[in-house]
Amino acid sequence: MKATVLQENLLPKVAAVARIASAKSALPVLENILLSAEKGKLTLAATDLETGIKTEVGAKVEKSGALTVPARLLVGLIGNLPPGKVTLSAEKDLLTIEAEGISSRINGLAAEEFPAFTVEGKELFTLKASELKKAIDQVSFAAAQDESRPILTGVLLRIGGGELVLTGVDGFRLAEKKLKVSVSVKSEPGSEAVTLVVPARGLIEVGRLVEGGEVKVSIPELTQLLFQTEEFSIFTQSLEGEFPDYEQIIPTNFETKLTFEKEEFVKAVQLTSIFSERGTSVIKLSHQPAKGTAEVSSQEAELGEVKIEIAIKGEGKVGEIAFNCRYLSDCLGALDSGRIELSLNSALDPALFRAPSDPSYLHVVMPVRLQG
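Residue numbers 24 to 395, in our numbering, belong to the letters of the sequence shown in order.
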């Protein structure tokens, strides 16, 4: 293999692909990037077996060929080369990289060891990249970080009836976003919509890479989804297991409904979070709808306490409820609106957060039991 590319064109592609490669794997080739040169292009690919990515860079190809090399080493090296021409040459399992006044050799592994994956499939729908990115940002953080229940580390994607529904849940909170898609999934009569649980990590990478234009979503296999833009093709493998019946968690009837100005609420939470960073990490919300006020507070025995009164509109009972500080902050950050609606029952029941301007998104947070 021998191909010449521009460093400024190669670096962003290498950096994007390297994020998918495994940081540490029992299969060393999964820590590598596959480089393939042919017909005026250099193709880069990486996979951790759950997520895979392919992209291309225009190149002057003198000799076709392929080789895999360590992702971290490659991105570090390319990132420190000067702008201009970079020549990549491979002989057996050795990659030589040459730039102006610089020559480096990297030991690699044969391309045949790299797991094959497809970037073709039956198109399901297309949608604006900006809409998909926002939906991913609003949902993916609610997936579990703890891998004790692997299925919860994924995001449920349900596709059907001209709609894409994304849901993330970790047992303490739930986020759901609905998107209208440009092409409905045509299912056989009586069949269910396409439903997959894809790794949140892979979906986050999709969100990072999609920019302007549209994203085409396809299904190469029943257990895979493929996202394609003009620059990248990313596939995600469905996780095994049964996703929780989350819809029963979403409350539908409420005793109390409150409306906050988001900016004021966020500032109050930020201030009280200073006291909740240690110890309990709990923020308490005391509300008096008839008076039009609520109190956001936090107390830590070693530090002290803080109480902030904010204005609200609403109806229902006087009461108080407590939330995990991080869960509440994440929720408020995901709600893209000047006002926030909070619907409650008791201090132990799930609380529903919505933005009045966006009925397609909801967030449910389980409260923390108050002491005493």
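Glycine is no exception: its CB is placed at the ideal position from the N, C-alpha and C atoms.
The structure displayed is predicted, hence computed values, not measured ones.
- Between residue 30 and residue 123, the alpha-carbon positions lie close to 11 Å from each other.
- Just measuring C-alpha positions, the residue of 54, 192 and 108 sitting nearest residue 32 is 108.
- Cβ contact annotation for residue 274 (same chain, cutoff 6 Å, sequence separation greater than five): 373 and 375, in chain order.
- The beta carbon of residue 251 is closer than 6 Å to those of 239 in its chain, skipping five residues each way along the sequence.
- Just measuring C-alpha positions, the residue of 319, 85 and 258 sitting nearest residue 63 is 85.
- With respect to the 9 Å criterion, residue 67 and residue 132 are not classified as neighbours on the basis of their beta carbons.
- Non-local C-beta neighbours of residue 247 in its own chain, meaning closer than 6 Å and more than five positions away in sequence, comprise 258 and 260, ordered along the chain.
- Within the same chain, and ignoring the five residues on either side of residue 368 in sequence, the residues whose Cβ sits closer than 7 Å to its Cβ are 274, 277 and 278.
- Around the beta carbon of residue 55, 16 or more other beta carbons lie within 10 angstroms, which makes this residue buried.
- Uninterrupted alpha helix (DSSP H) stretches at least 4 residues long and entirely within the region 278-349 occur at 285-299, given in chain order.
- Excluding its 5 nearest sequence neighbours in each direction, residue 80 has C-beta neighbours in its own chain below 6 Å: 28, 32, 33, 36 and 65, listed in chain order.
- Proximity of the region 145-156 to the region 168-181 falls short of the contact definition, fewer than three beta-carbon pairs being nearer than 8 Å.
- For the 9 Å CB-CB criterion, residue 104 and residue 25 do not form a contact.
- For the region 207-255, the continuous beta strand (DSSP E) assignments of 3+ residues that do not extend past its boundaries occur at 217-222, 237-242 and 247-251, in sequence order.
- In this structure the region 196-207 does not lie against the region 220-230, because fewer than three pairs of beta carbons, one per stretch, are closer than 8 Å.
- Given a length threshold of 4 residues, each whole run of the alpha helix (DSSP H) inside the region 81-133 is given here in chain order: 94-102.
- Counting C-beta atoms within 10 angstroms of its own C-beta, residue 382 has fewer than 16 neighbours from the protein chains shown and is therefore classed as exposed.
- Minimum Cα-Cα distance from residue 364 among the listed residues 38, 320 and 312 corresponds to 312.
- Contact check for residue 344 against residue 378 fails: the beta carbons are separated by 9 Å or more.
- Boundaries cannot be given for residue 193, as no alpha helix (DSSP H) includes it and DSSP labels it neither H nor E.
- In the structure shown, residue 356 falls within a helical segment according to DSSP collapsed to helix, strand and coil.
- Secondary structure of residue 174 (DSSP, three-state): helix.
- Put simply, the region 342-360 touches the region 385-392. At least three CB pairs are less than 8 Å apart.
- As a beta-bridge residue in DSSP terms, residue 387 pairs with 197 and 375.
- Leaving aside the five residues that flank residue 205 on each side, the residues in its chain whose CB is nearer than 7 Å to its CB run, in chain order, 148, 149 and 150.
- In this structure, the alpha-carbon of residue 189 lies about 34 Å from that of residue 93.
- Taking C-beta atoms as the reference points, residue 298 and residue 319 fail to come closer than 9 Å.
- Residue 188 carries a strand assignment under DSSP once its states are collapsed to helix, strand and coil.
- The residue among 51, 59 and 76 with its C-alpha nearest the C-alpha of residue 41 is 76.
- The criterion of a C-beta distance shorter than 9 Å is satisfied by residue 218 and residue 182.
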